[in-house]
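All residue numbers for the sequence shown refer to the working numbering, where the first residue is 20 and numbers rise by one. Beta carbons: idealized from backbone N, C-alpha and C, even for Gly. Here the structure is a predicted model, which means the values were calculated and not measured.
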Amino acid sequence: MNTAIDLRFDHAELAARDRARIIHPFLPTAVEDRVVMVEGRGCRLTDAEGRSYLDATGGLWLAQIGHGRPEPAEAAARQMRQLEYFTSFWEFSNDRAIELADRLARVSPEGLDHVYFTSGGSEGNDAAIRMARLYHHRRGEPSRTWILGRRAGYHGVAYGGGTVTGLPMNHEGFGPGLPDVEHLTPPWPYREELYGGEDCTDFCVRELEETIERIGAENIAAFVGEPVMGVSGMIIPPEDYWPRIAEVLQRHGILLVLDEVVTAYGRIGSWFAADHFGVRPDIIVTAKGITSGYIPLGAVLVRGEVAEVLGKENGFPIGYTYNGHPVACAVALANLDLIEREDLLSAAVKTGGLLGDRLRELEELPVVGEVRQVGMMLGVELVSDRRSREPLLPLISPKLPDVIRRETGVIVRGGQHALVLSPPLVLSRDEALEIADALRSVLERVGPDGSISR
């Protein structure tokens, strides 16, 4: 941290103003601490007190190209000088949105060649749910309103996607959610008790078939799921899960919506997780990595047959103010250029694999039940007993991610029963080893009750 930056920021003042003004997501009122970030370069962050951190979260799963890259900033400045904004409603469009839509169609799974722009993942999931219902309505099946999701799934915080989210904390106190939503069992092989001795995929497919029979295929619009369940602890399904689920849905005329807000744009080593898992959905929801967080943007990719129906009559009657924002699209194009030019898809596989291998060495520790990894998505399942697989819950008191950050300078995130990591795809080999060493230095001192010895 240089002297000029030290003189610019007064941490105590900034923290006090933050506490007085800003409502933070998921921050208990008793927590007074604030970490005020003021600079980022690559995988490193610096706070207002001059302390350095290694970002093993990628912000919120999105910093594909790392922090502080000049290319997106320059692209934004050029576009602002040329055209900062005009609506994309009705017949209006702009050249950057058209260019980005073409670019996405070229890299997306076959057939998903239509694009609906949003400002983020929550908007995208709401739009996808509306698309699914409207699609069936316009095809003469207005009774198809039910949306199938999964317990422990996460699909944003807007009304529709928030209801399909299968995490209790996202529902408590918010009143009734969207009607006609059913949550199914997630494909979580480590939690084998969920399946009563049955094969995980066999159980999930049977449950889906039984649910369709109970509700009636003629009443179900879509199944919405994350290819890899991120917030719940980087839960990776068996290889046969998605192809078999997709076959059942297709047979019953139910649309498959993949929530790839986290997994798209190289996070798991391919442009889209649909390609990785060998499945062809009807709709893919994306955001986050499309700009690496340099500006808000989302893109919903739609199969041609579905888009054709949505485009009939008066078109798709849902629009957001910032649909196809030209500055956001220009930044996305610069971001995708960097991902391609620096071959970050391969980097996610190579460096993610190295980090995964090092983290799997932690499975020798009593509190580590399993390490999961695909590309640059990693989860460390924590247990109080490896034999019973009883979850360890040290993420609240003491708050384990906070301890890791304070002691090592490495920022990780706590999931339901796991530590989750999603570093920038530009992570170096030495930084990967630094992350693994940081987790070991703390986890080897965690007891079965979640306490941390000195």
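Taken through DSSP and simplified to helix, strand or coil, H30 comes out as helix. Of all alpha-carbon atoms in Y173, P345, A31, T182, the one lying nearest the alpha-carbon of I166 is that of T182.
Scanning its chain for C-beta atoms nearer than 7 Å, with the 5 sequence neighbours on each side dropped, one finds around R158 the residues V328, in chain order. G172 is positioned such that its CB atom lies closer than 8 Å to that of G244. If you draw a straight line from the Cα of E450 to the Cα of Q269, it is about 44 Å long. Minimum Cα-Cα distance from E266 among the listed residues W109, D52, L352, R299 corresponds to R299. For G428, there is no enclosing beta strand (DSSP E), as DSSP gives it neither H nor E. Below 8 Å, enough C-beta pairs join the stretch 335 to 345 and the stretch 130 to 145 to call them touching: three or more. For G244, the three-state secondary structure derived from DSSP is strand. One alpha carbon belongs to L186, the other to D218, and they sit about 24 Å apart. The beta carbons of C62 and L79 sit no closer together than 8 Å. By the Cβ criterion, the stretch 349 to 363 is not in contact with the stretch 429 to 438, since fewer than three pairs of Cβ atoms, one from each stretch, lie closer than 8 Å. Taking 8 Å as the cut-off, the beta carbon of Q83 is found closer than this to the beta carbon of I358. Counting the other CB atoms within 10 Å of its CB gives K331 a total below 16, which places it among the exposed residues. With a minimum length of 4 residues, the unbroken runs of alpha helix (DSSP H) contained wholly in the stretch 63 to 96 fall at 77 to 80. Taking 8 Å as the cut-off, the beta carbon of A292 is found closer than this to the beta carbon of V247. Distance check between V368 and each of S460, R360, M396, D37 places M396 closest, using alpha-carbon atoms only.
Per the coordinates, the alpha-carbon of P345 lies some 11 Å from the alpha-carbon of R100.
The Cβ-Cβ distance between E237 and S141 does not fall below 8 Å. Taking the Cβ atoms as the reference, A318 lies roughly 19 Å from V176, outside the contact range of under 8 Å. For S365, the uninterrupted alpha helix (DSSP H) run begins and ends at 363 to 379, by DSSP. Residues of the same chain with a CB within less than 8 Å of the CB of N189, apart from the 5 flanking positions on each side, are Y173, V176, G181 in chain order.
Apart from the 5 residues on each side of it in sequence, Y313 sits with its Cβ closer than 6 Å to the Cβ of P91, V350 in its chain, given in chain order.
In the DSSP assignment, L119 falls outside any beta strand (DSSP E) and within the unbroken alpha helix (DSSP H) covering 114 to 126. Counting every other CB atom within 10 Å of its CB across the protein chains shown gives Y341 a total of 16 or more, marking it as buried. By the Cβ criterion, the stretch 114 to 133 is not in contact with the stretch 201 to 217, since fewer than three pairs of Cβ atoms, one from each stretch, lie closer than 8 Å. Its chain contains I423, T427, V429 as the residues whose beta carbon lies nearer than 7 Å to that of A457, once the 5 sequence neighbours on both sides are disregarded; these appear in chain order. Every unbroken stretch of the alpha helix (DSSP H) spanning 4 or more residues and falling wholly within the stretch 124 to 161 is given here in chain order: 140 to 157. For M396, the beta-bridge partners assigned by DSSP are V393.
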